Amino acid sequence: MDRVVILGADSPAGEALVNQLADKFHVTGLWFKQPVNRTDIATSRIDQARLDKEIQLADTVYFCGGASRSSWDAGFGNFTAEEQWLAACVDRSAEAGAGLIYVSSDAAFNGPWVFHDDDAACDLSCELGAKLHEMEELVASHPDHLIIRTNVVGMTIGRGHFVDDVLSGLQNGQVRRIPADTFSTPISEEGFALAAAECGMAETAGVINVGGAERTTPFRFASLLARQLGHDADLLAPAIANGPTSERSLRCSRLRCELNIAAPLLSETIEQVCAGIVERTFHAAAA
1 MDRVVILGAD
11 SPAGEALVNQ
21 LADKFHVTGL
31 WFKQPVNRTD
41 IATSRIDQAR
51 LDKEIQLADT
61 VYFCGGASRS
71 SWDAGFGNFT
81 AEEQWLAACV
91 DRSAEAGAGL
101 IYVSSDAAFN
111 GPWVFHDDDA
121 ACDLSCELGA
131 KLHEMEELVA
141 SHPDHLIIRT
151 NVVGMTIGRG
161 HFVDDVLSGL
171 QNGQVRRIPA
181 DTFSTPISEE
191 GFALAAAECG
201 MAETAGVINV
211 GGAERTTPFR
221 FASLLARQLG
231 HDADLLAPAI
241 ANGPTSERSL
251 RCSRLRCELN
261 IAAPLLSETI
271 EQVCAGIVER
281 TFHAAAA
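The sequence shown lines up with residues 1 to 287 when you count with the UniProt record's numbering.
Spelled out as C-alpha cells, the structure:
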C-alpha cells in the first residue's frame, strides 16, 4: 500500500485517516463539500476526471461519505456523496486493481441483538438499515473490497457533529436533551484511523466491525465527556423516545483475531476524544 486516495477528506473519518497515513504513504485527499487545505498531502475537490486519475494510480482507496459520520449526529442519514460517487468509485477501483475500503455505519442495525457480529445482516425493516444495505451490496459486488462498520465520534468545530453539539451546550450553559435509548460501541477518530489503516495494509476484504469494547448511549457518553472536561454534566438530560431501545453495538471479532487489535475500552475512547478536543481548540485559538 504505497499510494492512498481518501475520498471524503473533509469528513471526520477521512481527516483522521489523512492524519494517520500522511507521513507513511503517498496520500491524496479528495473532498466533497468542505475545502481541505493541507501542506502534507495534495487535496482537491472531487470531480470525475480527478477521480479517474487518482484511482488509476492508487493502491488503496478509502471512501468516507455520509455513512462515515457518527450515527449519533443530528444530521446523520444524508448519503448524497454515496449517491453521486460510490458506484463510480467501486467500478474504477475494481478496474484499476485498487483495494476499496468503504466506511459504513453501525446504523445498519437496530437490534434485537445486543451485539452484532462482523457477518450480521443489515436490518432491512428500518429505513437506514435498508439504505446502508443497498450501498454495502454495491461494494460487496467485488469480493476484494472491504466494508467497515463503525461509529466514529470526535470534535470538528462548528460542523454540526454530535460532540460539537454537546460541547456547545455545555460551554453556553444550555440544557441539552441527549438520546438515552440508542446503544452503540463508539470509537474515537484516532482509534478508528489506526484500525482502518491496518485493514488497508493487510488487504482485508469483506466486512469488518471497528468499534469500542463497551456499549453505551449518547447520553452516558456525553455525561462522561462533560465530567472529563470539567463541565457541568447536570446540563445534560436523558431523552427517551416511545418504543423499544435501538441496539447498534458491534462485536469486533475480526479486528481482534485477524489484525490483533483490541477494541478500546470506553474510558480510553473518552480520553482520546478529550485529547482531540483540547488539540483542536488550541489550534483554533492560535489560528
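Even glycine gets a Cβ: it sits at the ideal position worked out from N, Cα and C.
It should be emphasised that the depicted structure is a prediction, and the values quoted were computed from it without experimental measurement.
### Query
Between the C-alpha atoms of residue 276 and residue 166, what's the straight-line distance to the nearest angstrom?
Residue numbering aside, residue 276 sits at position 276 when the sequence shown is read from its first letter. Residue numbering aside, residue 166 sits at position 166 when the sequence shown is read from its first letter. In a straight line, the C-alpha of residue 276 is about 15 Å away from that of residue 166.
### Query
Which of the three DSSP states, helix, strand or coil, is assigned to residue 150?
Position 150 of the sequence shown, counted from the first residue, corresponds to residue 150. Correct three-state label for residue 150: strand.
### Task
Taking all protein chains shown into account, decide if residue 234 is buried (16 or more other Cβ within 10 angstroms of its Cβ) or exposed.
The sequence position of residue 234 within the sequence shown is 234, counting from 1. With fewer than 16 other Cβ atoms within 10 Å, it is exposed.
### Query
Thinking C-beta only, is residue 147 closer than 9 Å to residue 240?
Here residue 240 refers to the residue found at position 240 when the sequence shown is read from its first residue. Here residue 147 refers to the residue found at position 147 when the sequence shown is read from its first residue. No, Cβ-Cβ distance for residue 240 and residue 147 is not below 9 Å.
### Query
What do you get for residue 131, buried or exposed, if any count of 16 or more other CB atoms within 10 angstroms of its CB means buried?
Counted from its first residue, the sequence shown places residue 131 at position 131. Classification of residue 131: buried, given that the 10 Å Cβ count is 16 or more.
### Task
Since I believe residue 247 is in contact with residue 110 (beta carbons under 8 Å), could you give me their beta-carbon distance rounded to a whole number of angstroms?
The residue given as residue 110 occupies position 110 in the sequence shown. The residue given as residue 247 occupies position 247 in the sequence shown. The Cβ separation is near 7 Å, so the contact holds.
### Task
Under 8 Å by Cβ, that's how I've got residue 178 and residue 219 pegged, so tell me the actual separation to the nearest angstrom.
Start at 1 with the first residue of the sequence shown, and residue 178 comes out as number 178. Start at 1 with the first residue of the sequence shown, and residue 219 comes out as number 219. Going by Cβ atoms, the distance from residue 178 to residue 219 rounds to 4 Å, so yes, they are a contact pair.
### Query
Would DSSP call residue 240 helix, strand or coil?
For the purposes of this step, residue 240 is identified with residue 240 of the sequence shown, where counting begins at 1. DSSP places residue 240 in coil when its eight states are reduced to three.
### Task
Would you decide whether residue 73 is buried or exposed? Buried here means 16 or more other CB atoms lie within 10 Å of its CB.
If you number the sequence shown from 1, residue 73 lands on position 73. Buried, because 16 or more other Cβ atoms sit within 10 Å of the Cβ of residue 73.
### Message
My output table needs one value for residue 281: the three-state DSSP class, helix, strand or coil.
### Response
The residue labelled residue 281 in the question sits at position 281 within the sequence shown. Looking at residue 281 - three-state DSSP - the assignment turns out to be helix.
### Task
Compare the beta carbon distance of residue 43 and residue 37 with 9 Å and say whether it is the shorter of the two.
As a position in the sequence shown, residue 43 is number 43, starting the count at 1. As a position in the sequence shown, residue 37 is number 37, starting the count at 1. For residue 43 and residue 37, yes; Cβs fall inside 9 Å.
### Query
Can you find at least 3 beta carbon pairs, one from the region 58 to 77 and one from the region 5 to 14, that sit closer than 8 Å?
yes
### Query
Thinking C-alpha only, which one of 58, 60 and 51 is nearest residue 84?
Your numbering for residue 84 matches position 84 in the sequence shown. It is 51.
### Message
Quick check on DSSP: helix, strand or coil for residue 264?
### Response
Within the sequence shown, numbered from 1, the residue matching residue 264 stands at position 264. Of the three classes helix, strand and coil, the one that applies to residue 264 here is coil, per DSSP.
### Query
Short check: CB of residue 145 to CB of residue 90, under 9 Å?
If you number the sequence shown from 1, residue 145 lands on position 145. If you number the sequence shown from 1, residue 90 lands on position 90. Result yes, Cβ atoms of residue 145 and residue 90 sit closer than 9 Å.
### Task
Taking residue 199 as the reference, give the member of 107, 260 and 77 with the closest Cα.
Taking the first residue of the sequence shown as position 1, residue 199 is located at position 199. When only C-alpha atoms are compared, the closest one is 260.
### Task
Would you kindly work out how many angstroms separate the C-alpha atoms of residue 78 and residue 129, rounded to a whole number?
The residue given as residue 78 occupies position 78 in the sequence shown. The residue given as residue 129 occupies position 129 in the sequence shown. Between residue 78 and residue 129, the C-alpha separation is close to 13 Å.
### Query
From which residue to which residue does the beta strand (DSSP E) around residue 43 run?
Numbered from its first residue, the sequence shown carries residue 43 at position 43. For residue 43, the enclosing beta strand (DSSP E) begins and ends at 42 to 45.
#### Entry: Host beta strand (DSSP E) of residue 29 (start-end)
Within the sequence shown, residue 29 is the residue found at index 29, counting from 1. From DSSP, the beta strand (DSSP E) with residue 29 extends over 26 to 31.
### Task
Tell me whether residue 151 is buried or exposed, calling it buried when 16 or more other Cβ atoms sit within 10 Å of its Cβ.
Taking the sequence shown and counting its residues from 1, one reaches residue 151 at position 151. Result: buried.
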